[in-house]
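Trainee: Residue numbers (my numbering): 1 to 80.
The beta-carbon is built from N, C-alpha and C at its ideal position, and this holds for glycine as well.
Keep in mind the model is a prediction, meaning the values are calculated, not measured.
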């Protein structure tokens with residue numbers, strides 16, 4: 001089972017997308033705060049959307065996991 005997940009491209013793809021969103025959002029926020037002459041008016045909005053979307057994803061993942069455990073199938077079914 002562990003070997004199947006090791007070569008899965010989806011894990012690397014999600015990691016890359018999340019990392020890029022965090023880095024780009026951080027760069028926009030740093031430019032807006034520390035060098036206002038280079039920043040555009042949409043930089044803070046873009047940075048909060050990029051960084052906040054990651055938080056929203058993890059929050060929905062947590063809520064989904066809680067709901068799945070509460071209302072999901074009984075212990076007889078293996079959901080791995």
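Would you say the region 41-60 touches the region 13-31, given that touching needs at least three Cβ pairs under 8 Å?
Mentor: These segments touch.
Trainee: Hey, residue 72 and residue 47: beta-carbon distance below 8 Å or not?
Mentor: Taking 8 Å as the Cβ cut-off, residue 72 and residue 47 do not qualify as a contacting pair.
Trainee: Could you give the residue range of the alpha helix (DSSP H) that holds residue 69?
Mentor: Here the alpha helix (DSSP H) through residue 69 covers 43-71.
Trainee: If you draw a straight line from the C-alpha of residue 21 to the C-alpha of residue 14, how long is it?
Mentor: Those two C-alpha atoms are separated by around 11 Å.
Trainee: Would residue 11 count as contacting chain C if we go by Cβ distances under 8 Å?
Mentor: Among the protein chains of the structure shown there is no chain C, as only one such chain exists.
Trainee: Note down the Cα distance separating residue 43 from residue 65, rounded to an integer number of angstroms.
Mentor: Cα to Cα, the separation comes out at about 33 Å.
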